[in-house]
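Throughout, the working numbering is defined as the position within the sequence shown, counted from one, plus 6.
We treat Cβ as the ideally placed atom computed from N, Cα and C, and that holds for glycine.
A short worksheet on the structure shown next.
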Amino acid sequence: MDATRAGVGSDPLAQINVTRLRTELRAVQALGTSGGAFGACQVSAEIRQAYRTALQARDEAAAYLHGNRDWSTEDLAEAICGHREHERRARLVAEWSTAPQHLYDAGHELLRRQQVASALRDLLSDARAIAVRHLREAELVLPADPLARAHKAQDVVRFCTYHLDTVAANRNLYAANLVVHHEWDLDEIAELADTEPQSIEEAFDAARAHPPSDADSRSVRELAAIAAAIAVRQRHWEAVRREAIAECLAAGVDADLIAVHAGS
Numbered sequence: 007m008d009a010t011r012a013g014v015g016s017d018p019l020a021q022i023n024v025t026r027l028r029t030e031l032r033a034v035q036a037l038g039t040s041g042g043a044f045g046a047c048q049v050s051a052e053i054r055q056a057y058r059t060a061l062q063a064r065d066e067a068a069a070y071l072h073g074n075r076d077w078s079t080e081d082l083a084e085a086i087c088g089h090r091e092h093e094r095r096a097r098l099v100a101e102w103s104t105a106p107q108h109l110y111d112a113g114h115e116l117l118r119r120q121q122v123a124s125a126l127r128d129l130l131s132d133a134r135a136i137a138v139r140h141l142r143e144a145e146l147v148l149p150a151d152p153l154a155r156a157h158k159a160q161d162v163v164r165f166c167t168y169h170l171d172t173v174a175a176n177r178n179l180y181a182a183n184l185v186v187h188h189e190w191d192l193d194e195i196a197e198l199a200d201t202e203p204q205s206i207e208e209a210f211d212a213a214r215a216h217p218p219s220d221a222d223s224r225s226v227r228e229l230a231a232i233a234a235a236i237a238v239r240q241r242h243w244e245a246v247r248r249e250a251i252a253e254c255l256a257a258g259v260d261a262d263l264i265a266v267h268a269g270s
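Following this line, the structure appears as structure tokens:
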């Protein structure tokens, strides 16, 4: 499914190509565990950016219909969520967003933009699931030389640390959004996120500046799973690094040289 529409130069979804993103994800999946894990994370970041664009466009259409076409928030909830009882969420979305001055065929546009957003959301779940699966199964061929092995392990640990920090920050932000915009219980969402409540509280200010449509309990669960999988790999490679350093020391390799290549 492409989001482009011929002849509509101002279409906010014109640059989104769901088919291309799906093809990229299949290519990453075919890489196998060695190259696929963080490749899937990178593709998921691109999908997430497209998804946020689609959500913003959908929210603007909702705000236009609510403010200019007298759609009730129950009507919006039915179009967005499929359930009129989700009125509060639809109201938050409409009140937060800035409506365009004019939107041709606005009712159709809302449904079209929601359809694109839903397709991207499902694709995002697929990408994250691939990342978790590859992370759990990933293997790397290690050098036989212990100093080279320690250096390789240190590189992987640093790589894992960077991605773990990024994933955890996003997880905490989405969790905080559920609390500050949608009145979720902090302890409940902290359990879902598999983190401490304080970590989510620290993201409250940032969450208040983000749209309420960013609240997504499915993302919290998915990112928690990715964070847990990365943490396991990080601990594994830290153990590999320590064992390689011990082997180097036992072989009489200079400690300063080890520190240069593999840290202390």
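By alpha-carbon distance to residue 101, the top candidate from 35, 73, 188, 175 is 73. Going by beta carbons, residue 133 and residue 232 fall outside the 8 Å limit. For residue 180, the enclosing alpha helix (DSSP H) starts and ends at 152-188. Distance from the CA of residue 30 to the CA of residue 98, rounded to the nearest whole angstrom, comes to 34 Å.
DSSP places residue 205 in the uninterrupted alpha helix (DSSP H) bounded by 203-207. With 16 or more other Cβ atoms inside 10 Å of its own Cβ, residue 218 counts as buried. If you draw a straight line from the Cα of residue 153 to the Cα of residue 166, it comes to about 20 Å. Short of 6 Å from the beta carbon of residue 88, and not among the five residues preceding or following it, lies no beta carbon of its own chain. For a cut-off of 8 Å, the C-beta gap from residue 64 to residue 120 is around 5 Å, short enough to register as a contact. Going by beta carbons, residue 238 and residue 181 fall outside the 8 Å limit. CA-CA distance, residue 251 to residue 131, rounds to 39 Å. For residue 241, the enclosing alpha helix (DSSP H) starts and ends at 223-256.
Just measuring C-alpha positions, the residue of 146, 113, 50 sitting nearest residue 78 is 113. Within 10 angstroms of the beta-carbon of residue 16 lie fewer than 16 other beta-carbons, which makes it exposed. At a Cβ-Cβ threshold of 8 Å, residue 123 and residue 50 do not count as neighbours. Within the region 95-159, the alpha helix (DSSP H) runs of at least 4 residues that lie entirely inside it are, in chain order, 112-143. The distance from the Cβ of residue 159 to that of residue 246 is about 4 Å, consistent with a contact at the 8 Å cut-off.
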